[in-house]
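Report on the structure given below.
Number of protein chains: 2
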Amino acid sequence: MLDRDVGLDIAARLFWERGYEGTSTADLTKAMGINPPTLYSTFGSKEELYRQALDFSIARENSRRSEILQSNLPLYEALSLYLYDIADGDTQPDKPPGCMVSTAALQHAEENTSVARMTAALREASIQTLKARFDRAVGEGELPTATDTDTLARFYGAIIQGMSAQACDGACNALLKRLIDIALTAWPGKRQTSTGNSDKRHLDQSF
Amino acid sequence: MLDRDVGLDIAARLFWERGYEGTSTADLTKAMGINPPTLYSTFGSKEELYRQALDFSIARENSRRSEILQSNLPLYEALSLYLYDIADGDTQPDKPPGCMVSTAALQHAEENTSVARMTAALREASIQTLKARFDRAVGEGELPTATDTDTLARFYGAIIQGMSAQACDGACNALLKRLIDIALTAWPGKRQTSTGNSDKRHLDQSF
DNA sequence: ACAATTTAATAGGGATCCCTATTTTAATGG
DNA sequence: CCATTAAAATAGGGATCCCTATTAAATTGT
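Below you can see the structure in the form of structure tokens.
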């Protein structure tokens, strides 16, 4: 019998690289080393397996990223670490590039609308997490009262999605972090230098 | 006989909405009102049709956007208009949401690697266009000499890709433009207000 | 060790994938 | 008006899609 978590890990990796439509049940059963009936008795259907693989993958990253974001570091620095962690996730050498969720099912066949709604809801949830953290900062006086936290969250959401896309196109970790450094100059109240960002250090940032 | 441009327009719309893998040749022939042999004699193959539909669509937008970007407006203002035009393209009411290229083939089956390379090259080309414009500005003293134009171009490229993703998820035009306004505060030398951006006007910006 | 039950493997059904050989229809030329 | 060429429609080939009914193997209980 197949270990459930091992199967989900294998499935997640395939879906991550090839997307929902680009991954066949034959790919999945072959990679897991099982026969088709086992896939269906264990996971229900291809769509249900995708849902479980997404949950499984997200659960692994969420605890660490939530800790970063909800820590009592200054929000600007917490956000920096949060984005850097995502950049690291986008460029793991032994994993597919990009984010499994950010770039999933944006274009899709009509018959896969429910799958697309699922990934869209996950993206929206991660934006709402950012917004909630920004709202807390407004309440605590760390951000100006007039801050448009919704748009600010969607702005960094766009950065996250753009990083994933560029990682899929081959961008390296250092590039994504330089990109983050620019995005961070848009932080309310920050005043960016007008002299390139190539002198910033990413590996041993100290707080 | 089928008019070639009409066919490409119909094909582009389908590929735009459903992606390469999510669009079948049956969808295409049905939408064009032709039989399969006509598709293959006119366009060669599904992949070749996709390539031609991309070229066809890009050609339509490129002239206008190139004019905006290469105009002799201050670069900051030209870039604003350029991004606004893309936001408009992402949210046309009678067209699929998002950008046909930005969100295309990021995840794909192994057999469609050549298609993914094609769309990645198009995305890279549009980033290089931005970078070239930024380099020109450096040469003309409009941007500081030390500006990291490559990363700056990829930053706005990420914004463009993020906008497309969020448009696919239902974002409206006004939201994308508020998002652009935040991205523009990252422009070298700019100093953003710390008071939300909700008071900005988008429809009658004067230069 | 034999029977009962559970697990795995095979085989395949019905639909759709991309593409094309063949036939039918239409248009053109003498 | 008939012969020739060109266009469109049908029909289908070989592969793959997601999923499952059935058969074979392994495990369990007595």
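Going down the list, the protein sequences come from chains A and B.
Oh and the first sequence: position 157 is 157 in this note's numbering, straight run, nothing missing.
Oh and the second sequence: position 176 is 1176 in this note's numbering, straight run, nothing missing.
All C-beta atoms, glycine included, are put in the ideal place defined by N, C-alpha and C.
Inter-residue Cα distance where the pair is A/Gln128 and A/Ala153
Stepping through the first sequence from its first residue, residue 128 of chain A is reached at position 128. Stepping through the first sequence from its first residue, residue 153 of chain A is reached at position 153. Distance between the alpha carbons of A/Gln128 and A/Ala153 is about 7 Å.
Members of the stretch 155-173 of chain A near chain B, C-beta cut-off 8 Å
Phe155, Gly157, Ala158, Ile159, Ile160, Gln161, Gly162, Met163, Ser164, Ala165, Gln166, Cys168, Asp169, Gly170, Ala171
Could you tell me which chain A residues have their CB closer than 7 Å to the CB of B/Ile1182, listed as they occur along the chain? Locating residue 1182 of chain B in the second sequence gives position 182, where the first residue counts as 1. Correct list: Thr151, Leu152, Phe155, Ala186.
For B/Ser1164, the three-state DSSP class (helix, strand or coil)
Looking up residue 1164 of chain B in the second sequence gives position 164. Note: B/Ser1164 maps to helix in three-state DSSP.
Can a CB atom of chain B be found closer than 7 Å to the CB of A/Gly139? For this step, residue 139 of chain A is matched to residue 139 along the first sequence. No, A/Gly139 does not count as interfacial toward chain B.
So, is the C-beta of A/Glu61 closer than 7 Å to a C-beta in chain B? Locating residue 61 of chain A in the first sequence gives position 61, where the first residue counts as 1. Not closer than 7 Å to any Cβ of chain B, the Cβ of A/Glu61 fails to qualify, so no.
**Item:** Reduced DSSP secondary structure (H/G/I, E/B, other) of A/Ala104
**Value:** Counted from its first residue, the first sequence places residue 104 of chain A at position 104. Here A/Ala104 sits in coil by DSSP.
| message | Tell me the rounded alpha-carbon separation between B/Met1118 and B/Tyr1020. | response | Residue 1118 of chain B sits at position 118 when you count from the first residue of the second sequence. Residue 1020 of chain B sits at position 20 when you count from the first residue of the second sequence. If I take the Cα positions, the gap works out to 12 Å.
Item to check | CB contact below 7 Å: B/Glu1077 versus chain A | outcome: For the purposes of this step, residue 1077 of chain B is identified with residue 77 of the second sequence, where counting begins at 1. Not an interface residue.
- Message: When you compare the CB of B/Ala1109 with every CB in chain A, is at least one pair closer than 7 Å?
- Response: By one-based count along the second sequence, residue 1109 of chain B stands at place 109. At least one chain A Cβ lies under 7 Å of B/Ala1109.
Practice item. Could you say if the stretch 1004-1012 of chain B and the stretch 1039-1056 of chain B meet the contact criterion of at least three C-beta pairs nearer than 8 Å? Key: yes
Q) Can you name the start and end residues of the alpha helix (DSSP H) that B/Lys1177 belongs to? A) Translated into the one-based positions of the second sequence, residue 1177 of chain B becomes position 177. 1173-1184 is the extent of the alpha helix (DSSP H) around B/Lys1177.
For my contact list, B/Gln1161 and A/Arg18 are in at a C-beta cut-off of 8 Å; report their separation, rounded to the angstrom. In the second sequence, residue 1161 of chain B corresponds to position 161, counting from 1. In the first sequence, residue 18 of chain A corresponds to position 18, counting from 1. Not quite, the Cβ-Cβ distance comes to about 20 Å (not below 8 Å), so this is no contact.
Might you give, ordered along the chain, the residues of its own chain that have their beta carbon closer than 7 Å to the beta carbon of A/Thr149, omitting 5 neighbours on each side? Taking the first sequence and counting its residues from 1, one reaches residue 149 of chain A at position 149. Once the five neighbours on either side are set aside, the close Cβ partners of A/Thr149 are Lys131, Phe134, Asp135, Val138.
**Report entry** Length at least 4, wholly inside the stretch 1018-1101 of chain B: the alpha helix (DSSP H) runs in chain order
**Finding:** 1025-1032, 1036-1043, 1046-1070, 1075-1090
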